[in-house]
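Working notes, structure below.
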Amino acid sequence: MQAGLKLPDVTFRTRVRDEAVGGPNPFRWQDMTTADYFAGKRVILFSLPGAFTPTCSTYQLPGFEKMADEFRAKGIDDIYCMSVNDSFVMNKWAQDQGLNNVKVIPDGSGEFTRKVGMLVAKDNLGFGMRSWRYAAIVNNGIVEAWFEEPGRGDNHGEDPYGESSPENLMKYLDAQNAAVAAE
C-alpha cells in the first residue's frame, strides 16, 4: 500500500456488547465496513501479527493507547488496531489491555490484510496467515502516510518493530505540522 491509495472495501464481522441479549455473554454480531471505520475521519490504523503476542502487547498497542491524547492534539480522530484474529480474541485482548482510546478491528479471515498486500505466512511460529506489522495515517479512507516494517516476507525469522511505532508516527505528524506552520 502507498500514500494516495484508497483502502479496500471490506466487511468486518464484529461482536458488540448489547445488554438486550442478556445472559453471561451479552454480545451480538455486527457487521462493520471500511467506510464505517474510516469515512469522514483522519485516523491511525496499525496492524500486527497477533493479539496477546509479546511485541504487540508490550510495546505497540500500549504505546498507541498512552499517546492517544497527543495524537488527538495533532488532528487524529481515532486509533485502530487491526489483526488477523477473530472478534472474540480481539475483544478479549482489548479488555485484557484495559483499552480506553484504541479501538480494535478484527480481520479474522485476513481479507483486508490480503487486499492491502500485507498478508504473510507465519507457519514457522504456528500462526498460519497473519499480518505483517505496519501502520498508516488514513484520511477519509485514503492513505496519507504508510509505515511498514522492513523485510516483509513469509515465515520471517524476526519480528521487526520501529517503523510502525507510535513514536515514529508522531515524528511524521510533528514534521507535517511544522511544514504547515512554515507556509
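Per full-length UniProt numbering: the sequence shown = residues 1 to 183. Cβ atoms here follow ideal geometry from the backbone N, Cα and C, with glycine treated the same way. Bear in mind that the values here come from a model prediction, so they are computed numbers and not experimental data.
DSSP bridge partner residues for R15 (one or two, in chain order): The residue labelled residue 15 in the question sits at position 15 within the sequence shown. Looking at the DSSP assignment, R15 forms a beta bridge with W29.
Uninterrupted beta strand (DSSP E) stretches inside the segment 130-181 (no shorter than 3 residues): Those beta strand (DSSP E) runs which fall completely within the segment 130-181 and span 3+ residues are 134-139 and 142-148.
4-residue-minimum alpha helix (DSSP H) runs that sit fully inside the segment 81-125, ordered along the chain: You should have 87-97 and 111-115.
Helix, strand or coil at F127 according to DSSP, with G and I counted as helix: Residue numbering aside, residue 127 sits at position 127 when the sequence shown is read from its first letter. The answer is coil: DSSP assigns F127 none of H, G, I, E or B.
Between the Cα of A68 and the Cα atoms of F112, W93, Q95 and N101, which residue gives the shortest distance? Within the sequence shown, numbered from 1, the residue matching residue 68 stands at position 68. The shortest C-alpha separation from A68 is found at N101.
So, at 8 Å on beta carbons, what are the nonlocal neighbours of F127 in its own chain, with the 5 sequence-adjacent residues on each side left out? The residue given as residue 127 occupies position 127 in the sequence shown. Hits under 8 Å: P49 and G50.
Taking C-beta to C-beta, are L173 and K74 nearer than 7 Å? By 1-based counting over the sequence shown, the position of residue 173 is 173. By 1-based counting over the sequence shown, the position of residue 74 is 74. With contacts defined as CB atoms closer than 7 Å, L173 and K74 qualify as a contacting pair.
Assuming Y161 and Y80 form a contact by the criterion Cβ under 8 Å, report the distance between their Cβ atoms to the nearest whole angstrom. Position 161 of the sequence shown, counting from 1, holds the residue named residue 161. Position 80 of the sequence shown, counting from 1, holds the residue named residue 80. Not really, about 18 Å apart at Cβ, beyond 8 Å.
Can you grab the Cα-Cα spacing for the pair G40 / E144, in whole Å? As a first step, residue 40 must be located in the sequence shown, where it is residue number 40. As a first step, residue 144 must be located in the sequence shown, where it is residue number 144. The C-alpha of G40 lies about 14 Å from the C-alpha of E144.
Are the CB atoms of residue 185 and Y134 nearer to each other than 7 Å? Since the displayed the chain opens at 1 and closes at 183, residue 185 lies outside it and no answer follows.
Compute the beta-carbon to beta-carbon distance between D9 and T34, rounded to the nearest angstrom, for a pair I have assumed lies under 8 Å. Within the sequence shown, residue 9 is the residue found at index 9, counting from 1. Within the sequence shown, residue 34 is the residue found at index 34, counting from 1. In this structure D9 is in contact with T34, their Cβ atoms being roughly 5 Å apart against a cut-off of 8 Å.
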